[in-house]
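There are 2 protein chains.
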Amino acid sequence: MPTVSSEELAAAAGVNSAKLRKDFSYLGSYGTRGVGYDVEYLVYQISRELGLTQDWPVVIVGIGNLGAALANYGGFASRGFRVAALIDADPAMAGKPVAGIPVQHTDELEKIIDDNGVSIGVIATPAGAAQQVCERLVAAGVTSILNFAPTVLSVPDGVDVRKVDLSIELQILAFHEQRKAGEEAEAQAVAEATKDSGKGPDGDVPAVMPA
Amino acid sequence: MPTVSSEELAAAAGVNSAKLRKDFSYLGSYGTRGVGYDVEYLVYQISRELGLTQDWPVVIVGIGNLGAALANYGGFASRGFRVAALIDADPAMAGKPVAGIPVQHTDELEKIIDDNGVSIGVIATPAGAAQQVCERLVAAGVTSILNFAPTVLSVPDGVDVRKVDLSIELQILAFHEQRKAGEEAEAQAVAEATKDSGKGPDGDVPAVMPA
DNA sequence: CGGTGTGAAGAGCTTCACAGCA
DNA sequence: TGCTGTGAAGCTCTTCACACCG
């Protein structure tokens, strides 16, 4: 498949084709009228724009279950990320290989970051250690941090932090699950009301509709 | 602090106070004019609306590093989630306790879900196993799935799936990181141009501005 | 003809500004 | 007086619709 139309891509992605074309147009005019987009060229342009064509050395601090899971995660390599080092505060972990990479002690943190030109750090430590680790990362030159610890990190201007809270997604599911149950109950109540009397459902469910 | 104003909450959250009041108003009129919101009552109402006051039994399928990390994750219990069971396909794992819960074999999946009235399942298996596990969960009565496996799951209507891709957040950081670098380079180029000749930067950077 | 690129219309979300109530 | 709740204005993002080009 050498070319693809905005209509096809939009159907595959579940969005409107006009939106897709408009979004692409911000990257430049890479399509051909009457034909569509050259797949290979488009992939390259999007990859370049997203930074996938670069090599991003990353350090992971805190090699517990989560840190190990991240180190083993295959998705990183394919998106331009390279795990430059695994760092843990436990001296017993030092030297132990995880995902084929030997764990290094926290003492080495500054040197590792400097030697590898690391600008992105991942924090997978317990909550108590996160802020301190964060400060050391920033002081050593890291300007983007992905935080898995359940704490809000404070950082100086110019440093980006993204927080991943594994329970938030569950909470969103639970929210919708609750809605499903509520709607059933409401539908049932309406049915009852229709069958029995003129009284409707108690109407206490507010009109909230999040993503 | 028994009450709090929309202004205070907005400042803490980094949003506009009018937006906060409007959002709250969708849940009902829980504030008092001239005073603010009763903290305890507000917390309760928001918790109830979000479903945090309910008990949600959850099963985690696939007890590798990630599954173990999830099982150990403290944030679940405090948000109304209860890990009803850990399930793995490896018979060697069966009976082994993870986070104090004995791992059970996949054979038990249907029974566990039925016995515990589970409606939310977490998939932390390798990509290859995910779709099959998903189908068994759905057949057994699960209607919400949180998918950590790097695969797109297909499910029947009425089943919610949320996919967590651990590398996407990194990619967003890398994107901004690239922008930072690009802006520096551009600023430098502009400085050069100003200093040397009339020729500007090559102007190939398109005007994209994602979240 | 077929499909992109885009001005214009439309929808939804955010902010303003203030009436109204404790 | 002080702060909520909310109509209206403003803004951004999405979709429509079509000129234009290969």
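Those sequence lines, one after another, are chains R and E. So in full-length UniProt numbering the end of the first sequence lands on 211, straight run, no missing numbers. So in full-length UniProt numbering the end of the second sequence lands on 211, straight run, no missing numbers. All residues carry an ideal CB built from backbone N, CA and C; glycine is no exception. What you are looking at is a predicted structure, and each value in this text was computed from that prediction instead of being measured.
- Annotated three-state conformation of Lys163 of chain R is strand, per DSSP.
- Val15 of chain R is not a Cβ neighbour of Tyr37 of chain R, given a cutoff of 8 Å.
- Across the set R:Thr32, R:Gly121, R:Arg33, R:Gln54, the C-alpha of R:Gly121 shows the shortest separation from the C-alpha of Gly62 of chain R.
- By the 16-neighbour rule on beta-carbons within 10 angstroms, Val118 of chain R is buried.
- If you check the CB distance, Leu66 of chain E and Leu146 of chain R do not come in under 8 Å.
- Straight-line measurement puts the Cα of Gly64 of chain R at about 41 Å from the Cα of Ala11 of chain R.
- Within chain R, the residues whose beta carbon sits less than 8 Å from that of Val58 of chain E are Leu170, listed in sequence order.
- Membership of Gln131 of chain E in the alpha helix (DSSP H) is indicated by the continuous run 127–140.
- Counting only runs that start and end inside the segment 54–97 of chain R, the beta strand (DSSP E) elements of at least 3 residues fall at 56–61, 81–88.
- Residue state for Tyr26 of chain R is assigned as helix, using DSSP reduced to three classes.
- The Cβ-Cβ distance between Leu166 of chain R and Tyr73 of chain E falls below 8 Å.
- Taking 8 Å as the cut-off, the Cβ atoms of Glu110 of chain E and Arg136 of chain E count as close.
- Annotation: Cβ neighbours of Ala68 of chain R in chain E (cutoff 7 Å, chain order): Asn65.
- Between Lys180 of chain E and Thr143 of chain R the beta-carbon gap is near 7 Å, inside 8 Å, which marks them as a contact.
- The Cβ atoms of Val39 of chain E and Ala68 of chain E do not sit closer than 8 Å to each other.
- Look at Val138 of chain R: its C-beta is not under 8 Å from any C-beta on chain E.
- Taking a Cβ-Cβ cut-off of 8 Å, the neighbours of Gly75 of chain R in chain E comprise Pro150, Asp165, Leu166, Ser167, given in sequence order.
- By the CB criterion at 8 Å, Ala130 of chain E and Thr151 of chain E fall inside the cutoff.
- In terms of Cα proximity to Asp90 of chain E, the closest of E:Arg82, E:Thr106, E:Phe76 is E:Thr106.
- DSSP, read as helix, strand or coil, puts Gly182 of chain R in helix.
- Under the 10 Å beta carbon count, Ala13 of chain R is surrounded by fewer than 16 other beta carbons and is classified as exposed.
- The Cβ atoms of Arg79 of chain R and Leu52 of chain R sit closer than 8 Å to each other.
- In the DSSP annotation of this structure, the continuous segment of the beta strand (DSSP E) that includes Asp38 of chain E starts and ends at 36–38.
- Boundaries of the beta strand (DSSP E) around Ser144 of chain R: 144–147.
- According to DSSP, Ile120 of chain E shares a beta bridge with E:Val58, E:Ser144.
- When Cβ-Cβ separations below 8 Å define contact, Asp160 of chain E makes contact with chain R.
- Among the residues facing chain E, Glu177 of chain R is included, as its CB has a counterpart in that chain under 8 Å away.
- Taking a beta-carbon distance threshold of 8 Å, Asn72 of chain E counts as an interface residue toward chain R.
- Each residue's CA atom was taken as its position, placing Val161 of chain R and Leu153 of chain R some 8 Å apart.
- Residue burial is scored here from C-beta neighbours: Gly158 of chain E has fewer than 16 other C-beta atoms within 10 angstroms and is therefore classed as exposed.
- Residues of chain R with a Cβ closer than 7 Å to the Cβ of Ile123 of chain E do not exist; the shortest Cβ-Cβ separation is about 12 Å.
- Within 9 Å of the CB of Ile120 of chain E, the CB atoms of chain R belong to Leu170, Leu173, Ala174, Glu177, in sequence order along the chain.
- In the structure shown, the three-state DSSP call for Val103 of chain E is strand.
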